[in-house]
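Note that the working numbering gives residue 364 to position 273 of the sequence shown, counting from 1, and the numbers run on in steps of one. Note that CB positions come from ideal geometry on N, CA and C, so glycine has one too. As structure tokens, the structure follows; a few thoughts come after it.
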Amino acid sequence: NMVNRPSDFIFRDGPEPHGERKVQILKQHPEIKELMVYEPLTKFLVAGTVVLQVSLAVITQNWSWIPYLTVLYVVGATANHSLFLAIHELSHNLGFKCSRDNKLCAIFANLPIGIPYCITFKPYHTEHHRMQGEDGVDTDIPSKLEAYLITSTSTGYWDHTLRKAVFMFCQIFAYAFRPMIVKPSMIPRDRWILLNWAVQLSFDVAVVYFLGWQPFYYLLLSSFFAGSIHPTAGHFISEHYVMEGRAETYSYYGPLNILTYNVGYHNEVCARNSCIVLASKL
92 NMVNRPSDFI FRDGPEPHGE RKVQILKQHP EIKELMVYEP LTKFLVAGTV
142 VLQVSLAVIT QNWSWIPYLT VLYVVGATAN HSLFLAIHEL SHNLGFKCSR
192 DNKLCAIFAN LPIGIPYCIT FKPYHTEHHR MQGEDGVDTD IPSKLEAYLI
242 TSTSTGYWDH TLRKAVFMFC QIFAYAFRPM IVKPSMIPRD RWILLNWAVQ
292 LSFDVAVVYF LGWQPFYYLL LSSFFAGSIH PTAGHFISEH YVMEGRAETY
342 SYYGPLNILT YNVGYHNEVC ARNSCIVLAS KL
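Below is the structure:
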């Protein structure tokens with residue numbers, strides 16, 4: 092119904108919700124502080140997923156379209172989305188005791204994704220936790236331009252639905268480019284981003300040179316579908332889009348958490364940067 096459609100974002104007064112939620116959780120369950128430790132299994136899960144993706148990139152290169160796309164969507168996209176979330180865990184320094192080792196592991200986890208992003212991701216994600224939902228600061232929420240193109244200029248229910256479907260299908264591009272467009276000043280300019288790009292581009296060139304273009308396409312398409320209309324990508328919507336009422340985030344407790352570092356426990360593990368709980372302990 093075009094008449095009842097919201098014409099603007101929902102704004103609220105009061106404290107930043109992650110920080111407010113952190114205080115409530117720790118007040119009711121102070122024992123959670125005991126779970127704020129790093130996860131030694133992360134590096135092994137990352138290594139296994141990287142090996143799986145490189146192996147499938149080679150194995151599937153001469154397959155026919157139907158089995159190829161099936162494995163690409165079911166296994167490849169799921170695996171790369173798992174690596175997205177491994178990088179998320181590592182950005183919170185939850186894989187190792189020291190920041191350096193977390194960054195090195197993130198650069199390794201980045202390899203099958205094809206595009207160097209893990210070092211750039213961290214400052215934007217940290218800011219998201221500090222200023223969740225802050226207009227012009229939190230780059231996880233859509234921009235006014237996106238809202239205008241998808242909602243404000245749509246002509247009816249089916250047009251609006253189609254635009255939202257296209258947005259969801261291509262949301263990996265919005266998630267990747269929105270932060271750098273909205274706040275380009277936060278792009279890191281240090282040796283770590285140089286290392287991220289150098290390692291990733293060397294890996295990409297090596298894949299194409301030794302294995303051919305088809306395995307490289309497999310990795311890139313796995314990343315695309317991992318952030319597209321895919322079951323593991325549902326948390327992009329549930330985390331920061333209002334579905335009903337005024338709740339700004341939701342949790343998911345289903346079986347996909349096993350493959351995604353328990354990212355579905357969004358209210359529980361994202362109370363704030365300083366209140367990140369080891370998800371596997373939940």
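With DSSP collapsed to three states, give me the class of N374. Here the chain covers residues 92 to 373 and nothing more, so residue 374 does not appear.
Proximity of I284 and I210 at Cβ, strictly below 8 Å: Position 193 of the sequence shown holds residue 284. Position 119 of the sequence shown holds residue 210. A contact, by the Cβ cut-off of 8 Å.
Within 10 angstroms of the Cβ of C189, are there 16 or more other Cβ atoms? Answer buried if so, exposed if not. To locate residue 189, count along the sequence shown from 1; it is residue 98. Exposed, because fewer than 16 other Cβ atoms sit within 10 Å of the Cβ of C189.
6 Å CB neighbourhood of S245 in its chain, flanking five on each side removed: As a working mapping, residue 245 is identified with position 154 in the sequence shown. These residues qualify, in order along the chain: H251, R254.
So, with DSSP's three-state summary, where would you put D229? Taking the sequence shown and counting its residues from 1, one reaches residue 229 at position 138. In this structure, D229 counts as coil in the three-state DSSP scheme.
Specify the secondary structure class of S190 as computed by DSSP and reduced to three states. Taking the first residue of the sequence shown as position 1, residue 190 is located at position 99. Three-state DSSP puts S190 in a helix.
Going by beta-carbon coordinates alone, are A168 and H331 separated by less than 8 Å? Within the sequence shown, the letter at position 77 stands for residue 168. Within the sequence shown, the letter at position 240 stands for residue 331. Against a cut-off of 8 Å, the Cβ pair of H331 and A168 comes out as no contact.
Which word fits E225, buried or exposed, when buried means at least 16 other C-beta atoms lie within 10 angstroms of its C-beta? Here residue 225 is taken as the residue at index 134 of the sequence shown, counted from 1. Exposed is the call here.
So Y239 is in the alpha helix (DSSP H); what residue range does that whole segment cover? Taking the first residue of the sequence shown as 1, we reach residue 239 at position 148. Neither: Y239 is in no alpha helix (DSSP H) and is coded neither H nor E.
Helix, strand or coil: which one does DSSP assign to L147? To locate residue 147, count along the sequence shown from 1; it is residue 56. Helix, per DSSP.
Measure the Cβ-Cβ separation of F173 and T140 and say whether it is below 8 Å. Here residue 173 is taken as the residue at index 82 of the sequence shown, counted from 1. Here residue 140 is taken as the residue at index 49 of the sequence shown, counted from 1. The amino acid occupying residue 173 in the given sequence is Ser; Phe does not appear at that position. For S173 and T140, yes; Cβs fall inside 8 Å.
Taking all protein chains shown into account, do 16 or more other C-beta atoms lie within 10 angstroms of the C-beta of G355, making it buried, or fewer, making it exposed? Taking the sequence shown and counting its residues from 1, one reaches residue 355 at position 264. So G355 ends up on the buried side.
Are the beta-carbon atoms belonging to A91 and L310 less than 8 Å from one another? Residue 91 falls outside the range modelled here, since the chain spans only 92 to 373, and no answer is possible.
Residue span of the alpha helix (DSSP H) that contains T211, given as start and end: Against the sequence shown, residue 211 aligns to sequence position 120. Element bounds for T211: 209-221.
Is the separation between the beta-carbon of A170 and that of S313 shorter than 8 Å? Translated into positions along the sequence shown, residue 170 becomes position 79. Translated into positions along the sequence shown, residue 313 becomes position 222. Yes, Cβ-Cβ distance for A170 and S313 is below 8 Å.
Over the uninterrupted alpha helix (DSSP H) stretch that includes D381, give me the two end residues. The chain is shown only over 92 to 373; residue 381 falls outside these bounds and no answer can be derived.
If I'm right that N358 touches T340 with Cβ under 8 Å, what's the distance once you round it to whole angstroms? Reading the sequence shown from its first residue, position 267 is the one you call residue 358. Reading the sequence shown from its first residue, position 249 is the one you call residue 340. Rounded, the Cβ-Cβ distance is 6 Å, consistent with contact.
Three-state secondary structure (DSSP) of C196: In the sequence shown, counting from the first residue as 1, residue 196 sits at position 105. Here C196 sits in helix by DSSP.
Unbroken alpha helix (DSSP H) run spanning D250, endpoints: Mapped onto the sequence shown, residue 250 falls at position 159. D250 -> alpha helix (DSSP H) spans 248-260.
Closest residue to V137 among V290, G345, Y300, E180 (Cα-Cα distance): Position 46 of the sequence shown, counted from the start, is the residue given in the question as residue 137. For V137, the nearest C-alpha among the options comes from E180.
What is the DSSP secondary structure of Y344, reduced to helix, strand or coil? Counting from 1 along the sequence shown, the entry for residue 344 is found at position 253. Y344 falls in the coil class under three-state DSSP.
Neighbourhood of V290 by C-beta, 6 Å cutoff - its chain only, sequence neighbours within 5 removed: Residue mapping note: residue 290 aligns to position 199 of the sequence shown, counting from 1. So the qualifying residues of the chain are I198.
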